[in-house]
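Visitor:
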Amino acid sequence: MKNYRWMAVVCSFVAPAEAASWVADARGNGMGNTGVTTADFLLAPFYNPALTAVYRDQDDFGLLLPSVNLNVRDKDDTISIVDDLQDEIDRYEAAGGSVDSATVAKMNGYLDDLSDNQSLNASGGVGAAVAIPLDTLSVNIYARGYVELFADPNIAASTGSSAAAVKTRYESSTVDLLAFGYTEFGMAFARKYEILQQAFSFGITPKYQWMRTYKQIASVENFDWDDYDKSEVKDDAFNLDLGAVWLKDAYRVGISVKDLFNHSIATFDGQNHYKLDTQVTMSVGYVSEFLSAAVDIDMTKQERFTGKDDDTQFIRFGVEGNAWGWGQLRAGYEIDMENTVDNAITVGLGISPGDAVSLDIAGSYAGEHQLGGSANLAFTF
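If you want it as structure tokens, here you go:
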């Protein structure tokens, strides 16, 4: 059970909120995390506010409650190794330091493994929305939350194979935790226009954001995933999202500008800052009754924490097959041009009986140490 305690940590960040760069949307997640031209009017604020005004004739109201997602990248099994090491330390101390050479070798082995490990990264999000599409002005009121967590082992060098030496080593070794939590509440407005006999939709989202950072440095002996909140720093700010989409039959071209105003928030010691930078994404899409497809390209990179190699910038591909509005199959692929995260395959399934209630689930896979999952429940009338 200890290996799953980090899940509770991620959930506790976002539980009070209702995701920033990683959107909690199982439909888009199943399609390679695309959505700037293919999201529906209910999920429009998460991708492109202009899509709030792109809806079907039968759409009068939409409710998303809830959407959730969780992504984990632990390429070197850091969680498992820390837990195993702590178990050995407990046995060592229960025996008063009187342990055999095999136990000392095992403890040094765990510490050696951790010294070569890459960062553990986990992220999660939740969201909710209420949409009212109208010809005069379409509106979507939404809330969402997002968290990113990084854990880096910082292991002391080995000074010998004695019981005393391994104790000194583990007491001098730490796990360094950095985390960013984010909540926003906003209202997207959009309207369709005809310009030079071409159909366009333009949207804007005024929103308010609450940001939090956390930083913890603890001995591997005493590191507890539940202690993340002891160094909380809070800030809040106003921001805007902008979007536009051109529509021609089933074809679409769109642009989304998220977080028009840059913001930065420091950790409690001032040594790290999380940068919430403006994100610009271009997209081309095809949306018909039975088939949807999209390519989304980030025109800007997201830098995240200063002092960490965690920048990302994606190209995303997605496709969806729709069985007469009753069921959907989805697939996608995403490539990080910064090579921070591995390229991922995504798949998704939608069930929408009567096209009034929709249950969507999705998963992503980039090897056994980088996994993700999401789910949505939505109602449209």
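Positions -19 to -1, 1 to 362 (mature numbering (1 follows the signal peptide of the UniProt record, and there is no 0)) are the ones given, in order, by the sequence shown.
Heads up, the beta-carbon is just placed ideally off N, CA and C, and yes, glycines get one too.
Can residue 378 and Gly331 be called in contact, C-beta distance under 9 Å?
Guide: For the chain, the structure presents residues -19 to 362; residue 378 sits outside this window and is missing.
Visitor: Measure how close the beta-carbons of Arg150 and Leu223 come, nearest whole angstrom, since I'm counting them as under 8 Å.
Guide: Along the sequence shown, read from residue 1 onward, the residue named residue 150 stands at position 169. Along the sequence shown, read from residue 1 onward, the residue named residue 223 stands at position 242. Between Leu223 and Arg150 the Cβ distance is about 53 Å, and since that is not below 8 Å, they are no contact.
Visitor: Output yes or no for whether 9 Å exceeds the beta carbon distance between Val53 and Ala103.
Guide: Here residue 53 refers to the residue found at position 72 of the sequence shown. Here residue 103 refers to the residue found at position 122 of the sequence shown. A contact, by the Cβ cut-off of 9 Å.
Visitor: Do you know offhand how far Asp279's Cα is from Ala169's?
Guide: Position 298 of the sequence shown holds residue 279. Position 188 of the sequence shown holds residue 169. Those two C-alpha atoms are separated by around 21 Å.
Visitor: Could you tell me which of Asn243, Asp230, Ser212, Val226 sits nearest to Asn220, measuring between CA atoms?
Guide: Position 239 of the sequence shown, counting from 1, holds the residue named residue 220. Per the Cα distances, Asn243.
Visitor: Give me, in chain order, the residues of the same chain whose beta-carbon lies closer than 6 Å to that of Asn55; leave out the 5 immediate sequence neighbours on both sides.
Guide: Locating residue 55 in the sequence shown gives position 74, where the first residue counts as 1. Per the sequence shown, residue 55 should be read as Asp rather than Asn. Leu101, His350, listed in sequence order.
Visitor: Going straight from the alpha carbon of Arg233 to that of Val226, what length do you get?
Guide: Sequence index remark: in the sequence shown, residue 233 carries index 252 (1-based). Sequence index remark: in the sequence shown, residue 226 carries index 245 (1-based). Approximately 7 Å, taken between the alpha carbons.
Visitor: Verify whether the separation of the beta carbon atoms of Gly299 and Gly308 is less than 9 Å.
Guide: Against the sequence shown, residue 299 aligns to sequence position 318. Against the sequence shown, residue 308 aligns to sequence position 327. No. Outside cutoff.
Visitor: Strictly under 9 Å for the Cβ-Cβ distance: is Ala337 near chain B by that measure?
Guide: Going by chain labels, chain B is absent from the structure shown, which holds only one protein chain.
Visitor: Do you know whose CA, among Gly251, Ala124, Ser48, Thr19, lies nearest Ser269's CA?
Guide: One-based indexing of the sequence shown puts residue 269 at position 288. The shortest C-alpha separation from Ser269 is found at Thr19.
Visitor: Candidates Ser82, Thr33, Ala347, Gln252: which alpha carbon is nearest Gly13's?
Guide: Within the sequence shown, residue 13 is the residue found at index 32, counting from 1. The candidate whose alpha carbon is nearest that of Gly13 is Ala347.
Visitor: Are the CB atoms of Asp341 and Ala34 within a distance shorter than 9 Å?
Guide: Taking the first residue of the sequence shown as 1, we reach residue 34 at position 53. Taking the first residue of the sequence shown as 1, we reach residue 341 at position 360. No, they are not a contact pair.
Visitor: Classify Phe362 as buried or exposed, calling it buried when 16 or more other Cβ atoms lie within 10 Å of its own Cβ.
Guide: Looking up residue 362 in the sequence shown gives position 381. Flag for Phe362 reads exposed.
Visitor: Kindly identify the DSSP beta-bridge partner or partners of Pro187.
Guide: For the purposes of this step, residue 187 is taken as residue 206 along the sequence shown, with counting starting at 1. According to DSSP, Pro187 bridges with Leu221.
Visitor: Within the continuous beta strand (DSSP E) that includes Phe166, where are the two ends?
Guide: Your numbering for residue 166 matches position 185 in the sequence shown. Start and end: 155 to 176.
Visitor: Closer than 6 Å by C-beta to Tyr174: which residues in its own chain qualify, once you throw out the five before and the five after it? Chain order, please.
Guide: The residue labelled residue 174 in the question sits at position 193 within the sequence shown. Around Tyr174: Phe181.
Visitor: Enumerate, from N- to C-terminal direction, the unbroken alpha helix (DSSP H) stretches of 4 or more residues contained entirely within the region 9 to 81.
Guide: Here the runs fully enclosed are 25 to 28, 59 to 75.
Visitor: For Gly288, is the classification buried or exposed, using 16 other Cβ atoms within 10 angstroms of its Cβ as the cut-off for buried?
Guide: On the sequence shown, residue 288 is found 307 positions in, with the first residue counted as 1. So Gly288 ends up on the exposed side.
Visitor: Output the boundary residues of the alpha helix (DSSP H) element that contains Val147.
Guide: If you number the sequence shown from 1, residue 147 lands on position 166. Looking at the DSSP string, the run of the alpha helix (DSSP H) that includes Val147 is 144 to 152.
Visitor: From Gly344 to Ile326, what distance separates their C-alpha atoms?
Guide: The residue given as residue 344 occupies position 363 in the sequence shown. The residue given as residue 326 occupies position 345 in the sequence shown. When rounded, the distance between both Cα atoms is 8 Å.
Visitor: Quick test of the definition: if touching needs 3 or more C-beta pairs under 8 Å, does the region 133 to 141 touch the region 183 to 194?
Guide: Touching, no, given that fewer than three Cβ pairs across the two stretches are closer than 8 Å.
Visitor: In this structure, what does DSSP give as the bridge partners for Ser355?
Guide: The residue you call residue 355 lines up with position 374 of the sequence shown. Looking at the DSSP assignment, Ser355 forms a beta bridge with Asn50, Ala343.
Visitor: For a quick check, are the C-beta atoms of Ser142 and Asn89 less than 9 Å apart?
Guide: Your numbering for residue 142 matches position 161 in the sequence shown. Your numbering for residue 89 matches position 108 in the sequence shown. Yes; because the gap between Cβ atoms is below 9 Å, this pair is in contact.
Visitor: Val201 and Ile296 - do their beta-carbons sit closer together than 9 Å?
Guide: Sequence index remark: in the sequence shown, residue 296 carries index 315 (1-based). Sequence index remark: in the sequence shown, residue 201 carries index 220 (1-based). No, the Cβ-Cβ distance between Ile296 and Val201 is not below 9 Å.
Visitor: Using 8 Å for Cβ pairs, my map puts Phe183 next to Leu159. What's the rounded Cβ distance?
Guide: Residue numbering aside, residue 183 sits at position 202 when the sequence shown is read from its first letter. Residue numbering aside, residue 159 sits at position 178 when the sequence shown is read from its first letter. So it is not a contact: roughly 38 Å between Cβ atoms.
Visitor: Compute the Euclidean distance between the alpha carbons of Ser82 and Tyr73, then round it to the nearest angstrom.
Guide: Numbered from 1 along the sequence shown, position 101 holds the residue referred to as residue 82. Numbered from 1 along the sequence shown, position 92 holds the residue referred to as residue 73. Rounded to whole angstroms, Ser82 to Tyr73 spans 12 Å at the Cα level.
Visitor: According to DSSP, what are the bridge partners of Asn303?
Guide: Position 322 of the sequence shown, counting from 1, holds the residue named residue 303. According to DSSP, which records beta bridges pairwise, Asn303 is partnered with Gln309.
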